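Sequential numbering from 24 applies to the sequence shown in our numbering. Note that the Cβ used here is the ideal one computed from N, Cα and C, for glycine as well. Keep in mind the model is a prediction, meaning the values are calculated, not measured. Scroll down for the structure; my scribbles are underneath it.
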Amino acid sequence: MKTQSQTTNTKGTLMPINAKNLSVCVFCGSRFGTEPAYKQSAVDLGTGLAERNMRLVYGAGDVGLMGAVATAAQKAGGETFGVIPEHLLNWEVGKRDLSAFVVTETMHERKKVMFKNSDAIVVLPGGAGSLDEFFEVLTWAQLKLHAKPIILVNVDGYWDPLLALVDHSVDKGFADASLKQLFVVDDTVEAVLDRLAPSDT
24 MKTQSQTTNT KGTLMPINAK NLSVCVFCGS RFGTEPAYKQ SAVDLGTGLA
74 ERNMRLVYGA GDVGLMGAVA TAAQKAGGET FGVIPEHLLN WEVGKRDLSA
124 FVVTETMHER KKVMFKNSDA IVVLPGGAGS LDEFFEVLTW AQLKLHAKPI
174 ILVNVDGYWD PLLALVDHSV DKGFADASLK QLFVVDDTVE AVLDRLAPSD
224 T
(Lines of atoms letter the chains of each structure in order from A and count residues from 1; the text may use other names and numbers.)
(Lines give C-alpha, C1' and ligand atoms only; values in the text may rest on other atoms or scores of the structure.)
Protein backbone atom coordinates (compact mmCIF):
# COMPACT_ATOMS: atom_id res chain seq x y z
CA MET A 1 0.00 0.00 0.00
CA LYS A 2 1.44 3.36 -0.91
CA THR A 3 2.06 6.01 1.72
CA GLN A 4 -0.80 8.46 1.83
CA SER A 5 -0.50 12.20 2.34
CA GLN A 6 -2.33 13.68 5.28
CA THR A 7 -4.93 16.40 5.74
CA THR A 8 -6.24 18.03 8.86
CA ASN A 9 -9.85 18.82 9.74
CA THR A 10 -9.97 21.57 12.34
CA LYS A 11 -13.31 23.17 13.14
CA GLY A 12 -14.57 22.55 9.64
CA THR A 13 -11.51 23.88 7.84
CA LEU A 14 -9.56 21.56 5.57
CA MET A 15 -5.86 22.24 5.29
CA PRO A 16 -4.34 20.61 2.18
CA ILE A 17 -0.90 19.05 2.61
CA ASN A 18 0.82 17.74 -0.52
CA ALA A 19 -2.62 17.73 -2.12
CA LYS A 20 -1.40 16.38 -5.46
CA ASN A 21 -0.92 13.00 -3.82
CA LEU A 22 -4.28 12.87 -2.11
CA SER A 23 -6.52 9.85 -2.46
CA VAL A 24 -10.16 10.88 -2.15
CA CYS A 25 -12.85 8.37 -1.25
CA VAL A 26 -16.19 9.19 -2.87
CA PHE A 27 -19.42 7.74 -1.50
CA CYS A 28 -22.37 8.16 -3.86
CA GLY A 29 -25.46 6.51 -5.29
CA SER A 30 -25.68 3.53 -7.60
CA ARG A 31 -28.58 5.39 -9.24
CA PHE A 32 -28.70 8.78 -10.96
CA GLY A 33 -31.56 10.19 -8.90
CA THR A 34 -34.26 12.51 -10.17
CA GLU A 35 -32.25 15.67 -10.83
CA PRO A 36 -29.67 16.17 -13.62
CA ALA A 37 -27.54 18.13 -11.15
CA TYR A 38 -26.74 14.93 -9.25
CA LYS A 39 -25.07 13.29 -12.24
CA GLN A 40 -23.36 16.53 -13.19
CA SER A 41 -21.87 16.81 -9.72
CA ALA A 42 -20.39 13.32 -10.08
CA VAL A 43 -18.93 14.16 -13.49
CA ASP A 44 -17.48 17.43 -12.21
CA LEU A 45 -15.97 15.75 -9.17
CA GLY A 46 -14.34 12.95 -11.14
CA THR A 47 -12.94 15.42 -13.66
CA GLY A 48 -11.76 17.82 -10.98
CA LEU A 49 -9.97 15.16 -8.96
CA ALA A 50 -8.11 13.96 -12.04
CA GLU A 51 -7.16 17.46 -13.13
CA ARG A 52 -5.69 18.08 -9.67
CA ASN A 53 -3.79 14.79 -9.73
CA MET A 54 -5.84 13.29 -6.92
CA ARG A 55 -6.73 9.61 -6.97
CA LEU A 56 -10.38 8.58 -6.92
CA VAL A 57 -11.25 5.79 -4.48
CA TYR A 58 -14.81 4.53 -4.79
CA GLY A 59 -17.11 1.50 -4.83
CA ALA A 60 -16.03 0.20 -8.27
CA GLY A 61 -19.52 0.18 -9.75
CA ASP A 62 -20.31 1.28 -13.30
CA VAL A 63 -23.87 2.36 -12.59
CA GLY A 64 -25.46 5.60 -11.40
CA LEU A 65 -23.31 8.30 -9.86
CA MET A 66 -20.60 5.74 -9.14
CA GLY A 67 -20.11 5.03 -12.80
CA ALA A 68 -20.32 8.72 -13.69
CA VAL A 69 -17.61 9.84 -11.26
CA ALA A 70 -15.23 7.05 -12.32
CA THR A 71 -15.75 7.48 -16.06
CA ALA A 72 -15.18 11.23 -15.75
CA ALA A 73 -11.96 10.68 -13.80
CA GLN A 74 -10.74 8.21 -16.41
CA LYS A 75 -11.54 10.54 -19.31
CA ALA A 76 -9.52 13.26 -17.60
CA GLY A 77 -6.55 10.93 -17.19
CA GLY A 78 -6.96 10.33 -13.48
CA GLU A 79 -6.01 7.37 -11.32
CA THR A 80 -8.95 5.26 -10.12
CA PHE A 81 -9.09 2.72 -7.29
CA GLY A 82 -12.28 0.68 -7.05
CA VAL A 83 -13.44 -1.74 -4.35
CA ILE A 84 -16.49 -3.97 -4.68
CA PRO A 85 -17.79 -7.03 -2.80
CA GLU A 86 -18.13 -10.19 -4.84
CA HIS A 87 -21.90 -10.37 -4.48
CA LEU A 88 -22.31 -6.93 -6.12
CA LEU A 89 -20.16 -7.56 -9.19
CA ASN A 90 -23.22 -8.10 -11.37
CA TRP A 91 -25.67 -5.83 -9.55
CA GLU A 92 -23.41 -2.77 -9.60
CA VAL A 93 -21.63 -3.82 -12.82
CA GLY A 94 -18.07 -3.99 -11.54
CA LYS A 95 -15.90 -1.57 -13.53
CA ARG A 96 -12.84 -3.67 -14.30
CA ASP A 97 -10.94 -1.10 -16.40
CA LEU A 98 -9.90 0.97 -13.38
CA SER A 99 -6.29 1.65 -12.40
CA ALA A 100 -6.87 -0.75 -9.50
CA PHE A 101 -9.84 -3.09 -9.05
CA VAL A 102 -10.28 -4.90 -5.73
CA VAL A 103 -12.91 -7.55 -4.98
CA THR A 104 -13.76 -8.23 -1.34
CA GLU A 105 -15.87 -10.90 0.32
CA THR A 106 -18.10 -8.56 2.32
CA MET A 107 -19.47 -5.01 2.43
CA HIS A 108 -17.55 -4.39 5.65
CA GLU A 109 -14.29 -5.30 3.96
CA ARG A 110 -15.17 -3.02 1.06
CA LYS A 111 -15.59 -0.03 3.36
CA LYS A 112 -12.41 -0.90 5.24
CA VAL A 113 -10.30 -1.09 2.09
CA MET A 114 -11.77 2.14 0.69
CA PHE A 115 -11.19 3.96 3.97
CA LYS A 116 -7.64 2.73 4.48
CA ASN A 117 -6.67 3.80 0.96
CA SER A 118 -8.07 7.33 1.30
CA ASP A 119 -7.01 10.61 2.82
CA ALA A 120 -10.38 12.36 2.65
CA ILE A 121 -14.02 11.37 2.22
CA VAL A 122 -16.50 13.14 -0.07
CA VAL A 123 -20.19 12.22 -0.01
CA LEU A 124 -22.34 12.94 -3.07
CA PRO A 125 -26.11 12.28 -3.16
CA GLY A 126 -26.97 8.65 -2.59
CA GLY A 127 -29.32 6.25 -0.83
CA ALA A 128 -29.12 3.82 2.07
CA GLY A 129 -25.62 2.64 1.17
CA SER A 130 -24.22 6.16 1.08
CA LEU A 131 -25.95 6.98 4.37
CA ASP A 132 -24.42 3.87 5.94
CA GLU A 133 -20.98 4.83 4.70
CA PHE A 134 -21.29 8.43 5.87
CA PHE A 135 -22.48 7.56 9.36
CA GLU A 136 -19.84 4.87 9.78
CA VAL A 137 -16.92 7.19 9.03
CA LEU A 138 -18.62 9.92 11.09
CA THR A 139 -18.93 7.54 14.04
CA TRP A 140 -15.29 6.56 13.69
CA ALA A 141 -14.36 10.24 13.77
CA GLN A 142 -16.52 10.78 16.85
CA LEU A 143 -14.68 7.90 18.55
CA LYS A 144 -11.37 9.54 17.56
CA LEU A 145 -10.39 6.60 15.39
CA HIS A 146 -9.46 8.97 12.55
CA ALA A 147 -9.25 12.64 11.67
CA LYS A 148 -9.79 12.42 7.92
CA PRO A 149 -11.88 15.21 6.40
CA ILE A 150 -15.49 14.28 5.68
CA ILE A 151 -17.28 16.51 3.16
CA LEU A 152 -20.97 16.38 2.29
CA VAL A 153 -21.74 17.80 -1.15
CA ASN A 154 -25.19 19.30 -0.67
CA VAL A 155 -26.23 19.38 -4.33
CA ASP A 156 -29.48 21.35 -4.68
CA GLY A 157 -30.09 20.90 -0.95
CA TYR A 158 -30.14 17.10 -1.20
CA TRP A 159 -28.64 16.62 2.27
CA ASP A 160 -30.81 19.23 4.02
CA PRO A 161 -33.03 16.57 5.68
CA LEU A 162 -29.92 14.75 6.90
CA LEU A 163 -28.49 17.93 8.36
CA ALA A 164 -31.81 18.57 10.08
CA LEU A 165 -31.67 15.07 11.58
CA VAL A 166 -28.17 15.68 12.93
CA ASP A 167 -29.39 18.95 14.49
CA HIS A 168 -32.38 17.09 15.94
CA SER A 169 -30.15 14.45 17.53
CA VAL A 170 -28.10 17.21 19.15
CA ASP A 171 -31.17 19.16 20.28
CA LYS A 172 -32.67 16.07 21.90
CA GLY A 173 -29.50 15.22 23.77
CA PHE A 174 -28.40 12.13 21.85
CA ALA A 175 -25.28 13.74 20.41
CA ASP A 176 -22.90 16.51 21.39
CA ALA A 177 -22.83 19.69 19.36
CA SER A 178 -19.23 18.79 18.54
CA LEU A 179 -20.58 16.10 16.21
CA LYS A 180 -21.29 18.82 13.66
CA GLN A 181 -17.62 19.83 13.71
CA LEU A 182 -16.57 16.42 12.40
CA PHE A 183 -17.77 17.08 8.86
CA VAL A 184 -18.19 20.03 6.55
CA VAL A 185 -20.87 20.85 4.00
CA ASP A 186 -20.32 22.41 0.58
CA ASP A 187 -23.01 23.23 -1.96
CA THR A 188 -20.82 22.79 -5.03
CA VAL A 189 -18.13 20.45 -6.29
CA GLU A 190 -15.92 23.45 -7.04
CA ALA A 191 -15.95 24.38 -3.36
CA VAL A 192 -15.02 20.82 -2.41
CA LEU A 193 -12.10 20.76 -4.82
CA ASP A 194 -10.86 24.11 -3.54
CA ARG A 195 -10.91 22.73 0.00
CA LEU A 196 -8.87 19.72 -0.99
CA ALA A 197 -6.47 21.48 -3.34
CA PRO A 198 -6.43 25.08 -4.56
CA SER A 199 -6.83 25.28 -8.33
CA ASP A 200 -3.29 26.60 -8.82
CA THR A 201 -1.64 23.58 -7.17
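With DSSP run on the structure shown, which of helix, strand or coil describes residue i?
i, result
"Arg-218", "helix"
"Phe-206", "coil"
"Ser-53", "coil"
"Leu-185", "helix"
For residue i, which residues of its own chain have a beta-carbon under 6 Å away from its beta-carbon, when the five flanking residues on both sides are left out?
i, result
"Ala-99", "Thr-70, Ala-73 and Glu-74"
"Gly-87", "Gly-52, Ser-53, Arg-54 and Phe-55"
"Ala-164", "Leu-205"
"Gly-117", "Ala-83 and Ile-107"
"Ala-123", "Phe-104"
Quick one: residues in its chain with C-beta nearer than 7 Å to the C-beta of residue i, no 5 flanking neighbours on either side, listed in chain order?
i, result
"Ala-60", "Val-178 and Asp-179"
"Ser-192", "Ala-198"
Which residues in the same chain as residue i place their Cβ atom closer than 8 Å to its Cβ, once the five residues preceding and following it in sequence are excluded?
i, result
"Ser-141", "Gln-27, Ser-46, Val-47, Cys-48, Val-80 and Lys-171"
"Phe-158", "none"
"Ala-200", "Val-193"
Any chance the CB of residue i is under 7 Å from a heavy atom of the ligand PLP?
i, result
"Thr-127", "The ligand PLP is not part of the structure shown, which contains no ligands of any sort."
Please check the pair residue i and residue j, which I expect to be a contact at CB under 8 Å, by giving their CB distance rounded to whole angstroms.
i, j, result
"Leu-186", "Leu-68", "With a Cβ gap of about 20 Å, Leu-186 and Leu-68 do not count as contacting."
"Leu-216", "Ala-143", "Contact flag wrong, Cβ pair sits at about 11 Å."
Check your understanding: Which full runs of the beta strand (DSSP E) of 3+ residues lie inside the stretch 62-132, going along the chain?
Key -> 78-81, 103-108 and 123-127
Check your understanding: In chain order, which continuous runs of the beta strand (DSSP E) of length 3 or greater are located wholly inside the stretch 132-160?
Key -> You should have 143-146.
Review point. Can we say the stretch 98-115 touches the stretch 155-174, given the rule of at least three CB pairs closer than 8 Å?
Key: no
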